[in-house]
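Numbering (full-length UniProt numbering), first residue to last: 1 to 371.
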Amino acid sequence: MAHSDGIQIVAIQKISVKNVILAASAIGTFQAVIWMILSLIAILYYNSAIIIGNALSRYDYELWIYHLYLGNDNVFADSVYSVFNIHPKSFNIFMYFYLILSFAWLLVSCYLIWAMVREKWDYVKNLMASWSAVTFSIAALDIVLMSLIAADLEKAQDISNSIISPPPLLIMDQKNVYTSMGIVMTAAARGYILWIVNVVFAIIFVVLVHRMKKQEEQSMLPPIIDAYAAGPRPLNLYDSTDIGAGNWNIGFQPDENIIYRPSRNGELPSENFDMFRPAEPSGSGTPRSGPTRPDSYPRPLEVAPAAQRLAKIGKSTPGHRSPPLNVPVPQVPNGPQMPYIPPPDYTPPASPNSKPRSVLRPKSNYVLENN
């Protein structure tokens, strides 16, 4: 029961994460398309590819936005507004950054939606990290542009306050400037609420990526054995290593057919010793041969079969090896060499007499002497 509940909880969490990723990707796709269009229009205005209509009056906000940020005719170059931080040239540079980042945001968001629909969880972690990186970059660019426009708005207020008796036309122009700068500043901050939503989704993605990496690190550890768990045994990465022959570790396999002769002087073999290499003549001294004395390290020696390994018999003979290397197997004699051994007699002995004879003399044999 607990196992099934755990599976349901994991499934619910997976569905929730999928919905969050899809929602963030959809919002990112929508914003990327809108800001790509706005950036492209601003670039076309600056390069005179789009000409503003002549029907606009000086009280239209579009005309003020064009002269403050979009046009390259430098209308305010010699006016009091020349002290602003953002002018059409610098604003055009910002638009190029927005165009590039929005295009990258669009690609990552669409690819992330595809991965969620196709259940490609292997790509989700890297895509989420990329989405968060692009989102944080755009959010930082929004903050920089919004801060510069806010500083210009404060400068515009200082200019209007410095005039003691401004004419009505200047007052109207100041209102148009305030409104136009406020519109651009709000667009740069993405309406403020949307900017906060983007940052929140980016933080959520960072947390999810961190958890995924943590789960991958935990999965590399040996699994905890549950005696009551049903199903196949968990995967152990130690079984999939290159130790042993094949993918499965078969453990240490001792070779009982080989013994090692110890060194005569009790020294350990050298580091470049190869016991499976045939011994070379003494004094060769080649780099491949290692030690110059072949008897300074053990050699493999094949053990004789069990039938030929016998105990030491007799005394040692001078000039001969005792015991000899090959002792013949004793043969059991047969035929005429065999001594005669009578067969054993297993018949029972004869039964005793019913009246056994007394071992004493009869009474008649005893003589009584009278005194």
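The beta carbon of each residue, even a glycine, is placed where N, CA and C say it ideally should be.
Output the distance between the C-alpha atoms of residue i and residue j, rounded to the nearest integer angstrom.
i, j, result
"Tyr66", "Ile41", "11 Å"
"Asn85", "Thr29", "31 Å"
"Ile15", "Asp142", "32 Å"
"Ile62", "Phe103", "The residue you asked about is not Ile; residue 62 is Glu in the sequence shown. Whole-angstrom Cα-Cα distance: 26 Å."
"Ile193", "Leu70", "25 Å"
"Val33", "Tyr96", "14 Å"
"Ile51", "Glu119", "48 Å"
"Gly197", "Asp60", "Checking the sequence shown, residue 197 turns out to be Val, not Gly. Approximately 32 Å, taken between the alpha carbons."
"Pro344", "Pro330", "27 Å"
"Ala189", "Asp173", "24 Å"
"Val134", "Ile149", "23 Å"
"Arg288", "Pro328", "Confidence in Arg288 is poor, its pLDDT being 49 and thus under 50, which makes the residue's placement unreliable; the coordinate value appears in the next sentence. So the alpha carbons of these two residues sit roughly 41 Å apart."
"Ser109", "Met212", "19 Å"
"His46", "Leu153", "Reading off the sequence shown, one finds Tyr at residue 46, where the question assumed His. Taking the straight line joining both Cα atoms gives about 22 Å."
"Ser25", "Gly191", "19 Å"
"Leu68", "Glu216", "53 Å"
"Gly246", "Lys214", "Annotation note: pLDDT 48 at Gly246 (below 50); position unreliable, no value reported."
"Gly6", "Ile37", "Reliability fails at Gly6, whose pLDDT of 44 lies under 50, so the model's placement of it is uncertain and the value that follows must be treated cautiously. If I take the Cα positions, the gap works out to 47 Å."
"Arg309", "Pro342", "Bear in mind that the predicted position of Arg309 carries a pLDDT of just 49, short of 50, making it unreliable; the figure below should be weighed with that in mind. For Arg309 and Pro342, the distance between alpha carbons rounds to 35 Å."
"Ser347", "Pro339", "Reading the sequence as shown, one finds Thr at residue 347 and not Ser. Cα-Cα distance, rounded: 24 Å."
"Trp195", "Ile27", "11 Å"
Per DSSP, what kind of secondary structure is residue i in: helix, strand or coil?
i, result
"Asn85", "coil"
"residue 457", "Residue 457 lies beyond the stretch modelled for the chain, which goes from 1 to 371, so this question has no answer here."
"Gly28", "helix"
"Arg118", "coil"
"Gln331", "coil"
"Ser48", "coil"
"Asn176", "helix"
"Asn72", "coil"
"Asp345", "coil"
"Arg211", "helix"
"residue 405", "Residue 405 lies beyond the residue range present for the chain, which begins at 1 and ends at 371; the question has no answer from this structure."
"Gly191", "coil"
"Ala104", "helix"
"Ala350", "coil"
Inspect the beta-carbon positions of residue i and residue j and report whether they are closer than 7 Å.
i, j, result
"Trp64", "Ser180", "yes"
"Leu127", "Ala139", "no"
"Leu112", "Trp131", "yes"
"Val83", "Lys175", "no"
"Ser48", "Leu101", "no"
"Tyr98", "Ser147", "no"
"Val209", "Ala129", "yes"
Shortest alpha-carbon distance to residue i belongs to which of the options?
i, options, result
"Asp158", "Val144, Ser147, Tyr178 and Leu145", "Tyr178"
"Leu145", "Val108, Val117, Cys110 and His87", "His87"
"Ile43", "Asn72, Gln31, Glu216 and Ala24", "Asn72"
Can residue i be considered in contact with the ligand ADP, in the sense that its beta carbon sits closer than 6 Å to one or more heavy atoms?
i, result
"Val124", "In terms of ligand content, the structure shown is empty, and the ligand ADP therefore cannot be addressed."
The stretch 185-203 in contact with the stretch 116-125 per 3-pair CB rule at 8 Å: With a cut-off of 8 Å, the stretch 116-125 and the stretch 185-203 do not count as touching, because too few Cβ pairs lie within range.
At least 3 beta-carbon pairs within less than 8 Å: the stretch 191-207 vs the stretch 16-24: Because the criterion of three Cβ pairs below 8 Å is met, the stretch 191-207 and the stretch 16-24 touch.
Given 8 Å, three or more beta-carbon pairs between the stretch 205-212 and the stretch 88-105: Touching, no, given that fewer than three Cβ pairs across the two stretches are closer than 8 Å.
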